[in-house]
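So the structure is just underneath, and the comments pick up after that.
Written out as structure tokens, the structure is:
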């Protein structure tokens, strides 16, 4: 599958060539643009105003908009060819992105990702959008505690938990809090060694595994020529989550926007495939947020042992025997479970060398991921919240 080969709408919203679903999405598009005055987010142009809004917060980036306001997710009810990254309010001092999505129960909700807009502006837009669009309500996400409290106490919003987006994750990946790693705390002062004990232990385990397996781990930039490989890694990751019963909210569709050429070609975006020998097992897509911080919007490393061992050993029987003979097959795999953590260590070291102090790891929908970030990666909680306005 090529994530970018998407069907084009060549006619207007009433064209007989459109399916009922496509016609409905075009109708939403027309209302959002003509009645609400928003414009489709265009990364190659709008990254300049996003840059001005960056103040060290996870959601203040073009990648965040591409991930959280995108039209590629199956939940979106607006057209991916007209507004692949959702919509943006470009008016000075009122910068936010917007999209409309269908909740699992079929109800339609708007989603506001505030960048610089103040609470009064958000409340006014919410009332306007509710009068124009057939929505059950509008969520505002990435709110610090003071802003969250004011929206609830002064502007008629409610806690998202009263109208949860998902039963098991009422605030999606903010349900278990976003996480921030202080790179200065996990590396020694000279930046040459890992100082945080759990990371140091996993670094040794992974290094031993790589040595026994005669493998290396390296980064390769993601480009238009190999983005289909990144897409395969993402697909495999979510297939694994589904098989293990850990698929709560996000799906592979949510990541299509991050692999769009308009995102990958931004000079501020760093996108890597992580290679175990010649086998692609990781996808990392990051962007700076200002104030010495950078965030990861895709941070995936495949954990399936069968996937790794099925491909990384040499095909010839003599070559395989030379590697396996000194060890039992179980011994050979010792430390392989540390590779996902090792991949992040390599990424942290790369950004630490570039002068970044903080790395935002994003939020979590599943407690296992949240626990791993804090216990194994040294991440600190960086909580944000959702508020929701419900149609009276």
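Residue numbers (this note's numbering): 1313 to 1704. Just so you know, even glycine gets a beta-carbon here, dropped at the ideal spot from N, CA and C.
Three-state secondary structure (DSSP) of residue i
i            : result
residue 1527 : coil
residue 1477 : coil
residue 1689 : coil
residue 1490 : strand
residue 1397 : coil
residue 1701 : strand
residue 1554 : helix
residue 1694 : strand
residue 1663 : helix
residue 1705 : Here the chain covers residues 1313 to 1704 and nothing more, so residue 1705 does not appear.
residue 1342 : helix
residue 1625 : Low per-residue confidence applies at residue 1625: pLDDT is 45, beneath 50, and the placement is therefore not dependable, though the value from the model is reported in the following sentence. The answer is coil: DSSP assigns residue 1625 none of H, G, I, E or B.
residue 1462 : helix
residue 1521 : helix
residue 1720 : Because residue 1720 is not part of the residues shown, which for the chain are 1313 to 1704, the question remains open.
residue 1416 : coil
residue 1423 : strand
residue 1444 : helix
residue 1545 : helix
residue 1581 : coil
residue 1350 : coil
residue 1514 : helix
residue 1264 : In the structure as shown, the chain begins at 1313 and stops at 1704. Residue 1264 is therefore absent and cannot be evaluated.
residue 1637 : Its pLDDT being 43, under 50, residue 1637 is placed unreliably in this model, and the value from its coordinates should be taken loosely. Note: residue 1637 maps to coil in three-state DSSP.
residue 1647 : coil
residue 1330 : coil
residue 1500 : coil
Whether residue i touches residue j by CB criterion (7 Å)
i            : j            : result
residue 1601 : residue 1668 : no
residue 1373 : residue 1599 : yes
residue 1542 : residue 1578 : no
residue 1569 : residue 1673 : no
residue 1518 : residue 1654 : yes
residue 1700 : residue 1472 : yes
residue 1492 : residue 1697 : no
residue 1391 : residue 1337 : yes
residue 1353 : residue 1398 : yes
residue 1413 : residue 1388 : yes
residue 1356 : residue 1574 : yes
residue 1349 : residue 1508 : no
residue 1606 : residue 1550 : no
Burial state of residue i (16 or more Cβ within 10 Å)
i            : result
residue 1440 : exposed
residue 1381 : buried
residue 1682 : buried
residue 1687 : exposed
residue 1535 : exposed
residue 1479 : exposed
residue 1680 : exposed
residue 1566 : buried
residue 1376 : buried
residue 1481 : buried
residue 1360 : exposed
residue 1411 : buried
residue 1583 : buried
residue 1358 : buried
Residue closest to residue i, alpha-carbon to alpha-carbon, out of the options
i            : options                : result
residue 1378 : 1597, 1461, 1656       : 1597
residue 1533 : 1581, 1330, 1413       : 1581
residue 1486 : 1570, 1454, 1572, 1551 : 1454
residue 1417 : 1509, 1476, 1573       : 1476
residue 1523 : 1501, 1335, 1538, 1588 : 1588
Cutoff 7 Å: residue i Cβ touching any chain C Cβ
i            : result
residue 1450 : The structure shown contains no chain C, having only a single protein chain.
Alpha carbon of residue i to alpha carbon of residue j, nearest angstrom
i            : j            : result
residue 1640 : residue 1612 : In this prediction, residue 1640 scores a pLDDT of 46, lower than 50, which makes its location untrustworthy; the coordinate-derived value is nonetheless stated afterwards. Distance between the alpha carbons of residue 1640 and residue 1612 is about 29 Å.
residue 1499 : residue 1659 : 13 Å
residue 1386 : residue 1396 : 12 Å
residue 1615 : residue 1590 : 16 Å
residue 1484 : residue 1563 : 12 Å
residue 1447 : residue 1437 : 13 Å
residue 1426 : residue 1409 : 7 Å
residue 1657 : residue 1496 : 13 Å
residue 1458 : residue 1540 : 42 Å
residue 1351 : residue 1422 : 15 Å
residue 1704 : residue 1514 : 52 Å
residue 1344 : residue 1435 : 17 Å
residue 1512 : residue 1506 : 6 Å
residue 1504 : residue 1646 : 25 Å
residue 1530 : residue 1444 : 50 Å
residue 1694 : residue 1684 : 15 Å
residue 1430 : residue 1452 : 12 Å
residue 1474 : residue 1450 : 13 Å
residue 1716 : residue 1340 : Shown here, the chain extends from 1313 to 1704; a query on residue 1716 therefore has no answer.
residue 1490 : residue 1510 : 20 Å
residue 1552 : residue 1652 : 14 Å
residue 1516 : residue 1527 : 15 Å
residue 1502 : residue 1456 : 34 Å
Proximity test, residue i beta-carbon vs the ligand FMN heavy atom, cut-off 6 Å
i            : result
residue 1462 : The model on display carries no ligand, and the ligand FMN is accordingly not part of it.
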